[in-house]
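One structure is given here, and the rest of the page talks about it.
Protein chains: 2
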Amino acid sequence: MKILRGTHHRRLLIVPLLFFFLSDFADAQSPYDSVARRIAATALTQNYTIGLLKELCAVGPRLSGSPQAAKAVAWAEKTMKRFGFDNVRLEPVTVPHWVRGPKEEAVAVPSRMRKIIPLSVTALGGSIATPKKGITAGVVEVRSFEELHALGDAAKGRIVFFNRPMDRGQMSTFSAYGGAVDQRGSGAVEAAKVGAVAALVRSMTTTIDDQPHTGGMRYAEGVTKVPAAAVSTLDADALSALLKTDPKARVRLVLSCETMPDIPSFNVVGEIRGSEKPDEVVVIGGHLDSWDKGDGAHDDAGGCSQSIEALRLLKELGLTPKRTIRAVMFMNEENGLRGGTAYAAMDRPGEKHIAAIESDEGAFAPRGFGVGDSTAHAKLKAWEPVFAFMNADRIVLGGGGADIGPLARKGVPPIGLNVESHRYFDYHHSHNDTVDKVNERELALGAAAMAVLAYIISQEGL
Amino acid sequence: MKILRGTHHRRLLIVPLLFFFLSDFADAQSPYDSVARRIAATALTQNYTIGLLKELCAVGPRLSGSPQAAKAVAWAEKTMKRFGFDNVRLEPVTVPHWVRGPKEEAVAVPSRMRKIIPLSVTALGGSIATPKKGITAGVVEVRSFEELHALGDAAKGRIVFFNRPMDRGQMSTFSAYGGAVDQRGSGAVEAAKVGAVAALVRSMTTTIDDQPHTGGMRYAEGVTKVPAAAVSTLDADALSALLKTDPKARVRLVLSCETMPDIPSFNVVGEIRGSEKPDEVVVIGGHLDSWDKGDGAHDDAGGCSQSIEALRLLKELGLTPKRTIRAVMFMNEENGLRGGTAYAAMDRPGEKHIAAIESDEGAFAPRGFGVGDSTAHAKLKAWEPVFAFMNADRIVLGGGGADIGPLARKGVPPIGLNVESHRYFDYHHSHNDTVDKVNERELALGAAAMAVLAYIISQEGL
């Protein structure tokens with residue numbers, strides 16, 4: 005793309021410029037059109053959001069219970085006070101405290117060669133450790149739990165290697181994730197049920213890279229706990245290739261992770277009090293904690309910085325909402341959901357939550373909102389045209405966010421910010437999730453979209 | 005974002021999954037719905053496009069006349085033949101041959117301190133060199149040509165520093181570019197008109213970075229040629245701050261660039277012959293040349309790899325078009341447009357071009373198409389629903405591409421692939437434009453969108 009010049013090029017260029025000009029100043033189709041444009045232009049021009057994100061990421065990865073998570077709490081409180089939010093406070097929540105420990109490694113040991121092949125692995129969150137010397141066992145590769153259970157005794161005493169890839173043909177990477185993540189969440193349980201000694205899971209990413217992507221796993225009552233680790237997609241492909249020619253190859257896995265006693269932490273809350281119905285509350289939030297990889301930039305420093313920025317934008321522009329808009333930085337989304345649960349469980353006399361908006365799908369260009377309540381969806385869909393100028397006007401049925409799930413179970417309509425999802429799983433839960441992967445404009449525009457929606461709901465109710 | 009679990013979460017998750025399922029298998033609304041889905045799923049799953057882009061970028065930056073540009077021609081020809089395209093050929097075009105030379109540097113020299121301040125600069129494409137020892141002169145900072153001309157003699161013998169930023173508040177970064185790029189294109193001419201000795205231009209980017217962003221500039225008949233360079237936005241801000249406190253500060257600028265004699269090169273052309281009306285042609289293309297910075301990954305290895313992949317996808321899926329679809333890799337878009345001009349000027353007896361599609365706005369997620377012809381726009385707009393599943397259904401009036409401009413002047417409707425534009429000028433014409441900035445899914449989806457549109461036009465006419 006170069007400079008356009010000459011008569012013809014000038015004419016071609018004028019058409020889109022004129023289009024933008026006209027659409028900027030056309031008669032407002034709703035009272036919120038000009039408000040939305042002011043919010044977006046301010047977000048893009050002042051460009052605060054990326055600064056907030058960098059501040060939060062500078063504390064490091066923020067796994068629940070870690071010193072960095074505590075620093076993130078302090079940062080959020082200080083930042084909300086700095087911007088003059090109302091009623092800034094910490095709400096206590098007790099969180100799990102799982103630590104990765106100093107050692108995690110794996111190698112493939114071919115049966116007929118001396119050479120060992122290092123595998124890029126990482127413990128799944130919540131996993132127990134292996135014995136100190138590790139677990140060395142044969143490997144059985146499967147693509148599904150059905151395939152595993154059909155094996156009978158074949159997995160007994162072995163390591164189960166769950167290697168079903170995310171389906172790259174899906175348009176939504178979240179759909180692809182939903183179609184593969186059972187292996188990570190339940191692989192260890194299903195492996196233990198057939199007598200296996202550990203689970204090795206192909207990383208949840210749509211790309212082929214050398215980074216293991218961690219994430220939550222769980223054990224089940226009455227089922228033996230076995231260690232579980234993610235392996236990079238590159239090494240998953242290598243291991244799979246090895247097993248085809250050498251089915252007797254073994255893997256040695258060493259993990260030193262540990263679950264410590266629960267530990268006190270906090271949700272961080274601040275708000276702009278509503279001028280007419282202050283007891284009706286619109287929550288807008290993200291989660292402060294992250295996995296202990298990269299900076300947790302997209303997951304979910306993005307959502308936190310956007311939620312704070314959304315309130316700051318309203319204050320900056322003098323837009324006092326009729327109902328209270330409350331920013332909530334949730335703790336412990338990744339491995340316990342204790343923050344979201346505690347927030348919803350807390351007794352708040354006289355208060356009524358009318359909506360909860362979360363940004364937790366990565367800080368990419370906003371495309372619209374997913375509304376997990378059909379009545380609310382029908383009402384909000386009428387406001388789609390307000391978001392058209394920022395290309396974020398797809399208000400679809402279905403969505404929300406993990407942290408606002410407990411509110412949703414109490415009847416509060418959950419709303420998730422939907423974004424261009426193609427890049428998300430390149431970074432998700434891995435060392436790749438760093439500040440440099442966030443574009444400042446896309447991040448800021450997400451903040452603007454959230455501010456506009458929260459403001460409309462605060463004025464119109466839901 | 006973590007694994008969703010529990011009854012409530014499962015319900016929330018099912019809604020979007022069901023939505024995708026239903027929309028995948030709903031009764032087709034047009035004969036092209038299922039074709040479009042097959043094309044997109046194949047592009048994402050086979051993931052050829054990123055491989056093509058990496059191959060092209062591996063030859064290095066490809067400024068017209070450079071050995072790398074010649075290698076790019078050879079690559080394009082070989083690749084089209086490898087995929088079995090019809091009538092693969094080189095079409096000769098003579099191109100300008102400007103070279104940057106070994107030395108480009110600048111420093112600010114405060115009037116009251118011994119310390120000099122290095123400025124990150126790069127010659128603008130087409131600039132003449134400075135004398136070997138450089139040009140050292142006082143600096144006058146302006147934000148517009150009007151401001152410059154109002155200064156009277158004040159710029160005489162000095163360096164004009166054009167420092168009007170791109171307007172970050174614009175939703176389209178291309179609009180912001182259009183509002184600032186006159187400084188780069190015409191700054192040297194306007195500076196020379198008032199007796200200045202050089203032009204220093206704030207880089208065309210929406211972000212603040214330490215990289216100078218190059219790009220084309222031009223001289224005018226009868227106006228003295230003075231050297232012109234871009235300065236990084238970071239150093240533009242620093243220089244501006246210095247001049248506020250020290251208006252007598254000087255800048256020393258050294259450029260060693262040179263315009264060599266014109267040199268032979270080629271457009272590379274290959275096609276799938278139409279089964280019913282082979283003489284009616286839909287062009288689909290990008291440009292092989294790039295600036296001599298980074299890899300030219302987004303500008304425009306993306307458009308080249310997408311155009312080749314679009315044809316490959318149709319062949320892969322056995323979709324033989326009724327009219328000919330022709331991939332054209334244009335040469336010399338960046339500093340001459342000789343390839344686009346030569347393609348349009350060539351006598352092609354019996355042939356009729358019915359549309360030309362270009363991808364040259366970066367290899368980001370596709371949002372739709374810009375059509376630079378109102379009749380064609382009205383017809384194509386009817387196909388918007390076909391592109392909805394890939395979120396690329398905004399078919400707007402206004403657009404095209406530089407390479408297909410000469411075809412447009414002959415009456416061929418020009419169509420540009422429109423993408424999510426927020427990131428583009430972070431990379432554009434700088435060392436930042438490298439392969440790692442391209443997301444393989446977004447790139448592939450752009451190829452799919454082009455393939456679908458070209459196929460529809462080939463079947464339906466335009």
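Heads up: the protein sequence lines correspond to chains A and B, in order.
Okay, so the first sequence: first residue is 5 according to my numbering, each after it adds one.
Okay, so the second sequence: first residue is 5 according to my numbering, each after it adds one.
Note that CB positions come from ideal geometry on N, CA and C, so glycine has one too.
Query raised in the report: With DSSP run on the structure shown, which of helix, strand or coil describes Thr379 (chain A)?
Result: It is helical.
Does Asn443 (chain A) get closer than 8 Å to chain B when you measure Cβ to Cβ?
-> For Asn443 (chain A), the answer is yes, since a Cβ of chain B falls inside 8 Å of its Cβ.
Rounded to a whole number of angstroms, what is the C-alpha to C-alpha distance between His381 (chain B) and Gly405 (chain B)? Looking at the two C-alpha atoms, the distance is approximately 15 Å.
_Which same chain residues end up closer than 6 Å to Ala30 (chain A) when comparing Cβ atoms and leaving out the 5 residues on each side of it in sequence?_
Residue placement at Ala30 (chain A) is flagged as unreliable, the pLDDT there being 42, under the threshold of 50; the coordinate-derived value follows with that caveat. Excluding the 5 residues flanking it on each side, Ala30 (chain A) has no same chain C-beta neighbour closer than 6 Å.
Spatial distance of Gly2 (chain A) from Ile361 (chain A) (CA atoms) = Nothing can be reported for residue 2 (chain A): it is not among the residues displayed for chain A, which extend from 5 to 466.
Check: Got a sec: is the Cβ-Cβ distance from His426 (chain A) to anything in chain B below 8 Å?
Finding: True, the Cβ-Cβ gap to chain B drops below 8 Å.
### Message
Using a Cβ-Cβ cutoff of less than 6 Å, which residues in the same chain neighbour Tyr52 (chain A) once the five nearest sequence positions on both sides are dropped?
### Response
Answer for Tyr52 (chain A): Glu313, listed in chain order.
If the cut is a Cβ gap below 8 Å, which residues of chain A does Asn51 (chain B) touch? What Asn51 (chain B) touches in chain A: Arg172.
(message) If you reduce the DSSP assignment to three classes, tell me which class Trp295 (chain A) lands in.
(response) Trp295 (chain A): coil per DSSP, three-state reduction.
So for Ile120 (chain B), helix, strand or coil by DSSP? For Ile120 (chain B), the three-state secondary structure derived from DSSP is coil.
Determine the DSSP secondary structure at Gly55 (chain A), reduced to helix, strand or coil. DSSP places Gly55 (chain A) in helix when its eight states are reduced to three.
Report task. Using alpha carbons as the reference points, say which of B:Met394, B:Glu444, B:Gly199 lies closest to Thr210 (chain A). Result -> Cα-wise, what sits closest to Thr210 (chain A) is B:Glu444.
Cβ pair Ala367 (chain A), Leu457 (chain A) closer than 8 Å:
With contacts defined by Cβ atoms closer than 8 Å, Ala367 (chain A) and Leu457 (chain A) do not form a contacting pair.
| field | Exposure of Gly343 (chain B), with buried meaning 16 or more beta-carbon neighbours within 10 Å | value | Taking all protein chains in view, the Cβ of Gly343 (chain B) is crowded by 16 or more other Cβ atoms within 10 Å, so the residue is classified as buried.
**Asked** Do you know offhand how far Ala74 (chain A)'s Cα is from Ala133 (chain B)'s?
**Response** CA-to-CA, the gap between Ala74 (chain A) and Ala133 (chain B) works out to about 57 Å.
Check your understanding: Under a three-way DSSP split, which group does Leu21 (chain B) fall into?
Key -> Low per-residue confidence applies at Leu21 (chain B): pLDDT is 41, beneath 50, and the placement is therefore not dependable enough to give any value.
In or out: His291 (chain B) buried (at least 16 other Cβ within 10 Å) or exposed?
With 16 or more other Cβ atoms inside 10 Å of its own Cβ, His291 (chain B) counts as buried.
field: The alpha helix (DSSP H) enclosing Glu225 (chain A), as first and last residue numbers
entry: Judged by DSSP secondary structure, Glu225 (chain A) falls outside any alpha helix (DSSP H); it is assigned neither H nor E.
8 Å contact criterion, which Ser260 (chain A) and Lys107 (chain A) should meet: CB distance rounded:
That belief holds up - the Cβ atoms of Ser260 (chain A) and Lys107 (chain A) are roughly 4 Å apart, short of 8 Å.
- Which residue comes first and which comes last in the alpha helix (DSSP H) that contains Lys319 (chain B)? According to the DSSP assignment, Lys319 (chain B) belongs to the alpha helix (DSSP H) that extends over 306 to 320.
When DSSP builds the beta bridges, which residues end up paired with Asp90 (chain A)? Bridge pairing for Asp90 (chain A): A:Glu275 [DSSP].
* With a CB to CB cut of under 6 Å and the five nearest residues on each side skipped, what residues in its chain are close to Leu243 (chain A)? -> Same-chain partners within the cutoff: Ala112.
| request: Give the single residue among A:Met170, A:Asn395, A:Gly182, A:Ala301 whose Cα lies nearest to the Cα of Ser207 (chain A). | output: Answer by Cα proximity: A:Met170.
Quiz item: What is the residue span of the beta strand (DSSP E) that Ala203 (chain A) lies within?
Solution: Here the beta strand (DSSP E) through Ala203 (chain A) covers 202 to 206.
- Would you mind reading off the limits of the alpha helix (DSSP H) that contains Pro410 (chain A)? Per DSSP, Pro410 (chain A) belongs to the alpha helix (DSSP H) from 409 to 413.
Original post:
Could you give the distance in angstroms between the alpha-carbon of Glu280 (chain B) and the alpha-carbon of Lys326 (chain B)?
Top reply: Going from the Cα of Glu280 (chain B) to the Cα of Lys326 (chain B) covers about 5 Å.
Requested in this report: Flag Leu48 (chain A) as yes if its beta-carbon sits less than 8 Å from any beta-carbon of chain B, otherwise no.
Outcome: At least one chain B Cβ lies under 8 Å of Leu48 (chain A).
- Query: Taking Cβ-Cβ distances shorter than 9 Å, what residues in chain B pair up with Thr438 (chain A)?
  - Reply: For the C-beta of Thr438 (chain A), not a single chain B residue is nearer than 9 Å; the gap to the nearest is close to 13 Å.
query = So with Cβ pairs under 8 Å, would you call Glu194 (chain B) a contact of chain A?
reply = So no, Glu194 (chain B) is outside the interface.
- What's the gap between the Cα of Pro268 (chain B) and the Cα of Glu95 (chain B)? Rounded to whole angstroms, Pro268 (chain B) to Glu95 (chain B) spans 10 Å at the Cα level.
| Cβ shell of Glu109 (chain A) (< 6 Å), same chain only, five flanking positions each side left out | Cβ within range, chain order: Val258.
Problem set entry | C-alpha gap between Pro370 (chain A) and Val255 (chain B), whole angstroms | Roughly 43 Å separates the two Cα atoms.
inquiry  = Just to make sure I have the definition right: I need the residues of chain A whose C-beta is within less than 8 Å of the C-beta of Thr210 (chain B). Which are they?
reply    = Simply Arg445.
* To do: Can you say whether Ser38 (chain A) is buried or exposed, counting buried as having 16 or more other CB atoms within 10 angstroms of its CB?
  => So Ser38 (chain A) ends up on the exposed side.
Indicate the three-state DSSP secondary structure (helix, strand or coil) for Asp186 (chain A) in the structure shown.
-> In the three-state scheme derived from DSSP, where H, G and I count as helix and E and B as strand, Asp186 (chain A) is classed as helix.
Check: Are the CB atoms of Thr126 (chain B) and Leu317 (chain B) nearer to each other than 8 Å?
Finding: Annotated as distal: Thr126 (chain B) and Leu317 (chain B), with beta-carbon spacing of 8 Å or more.
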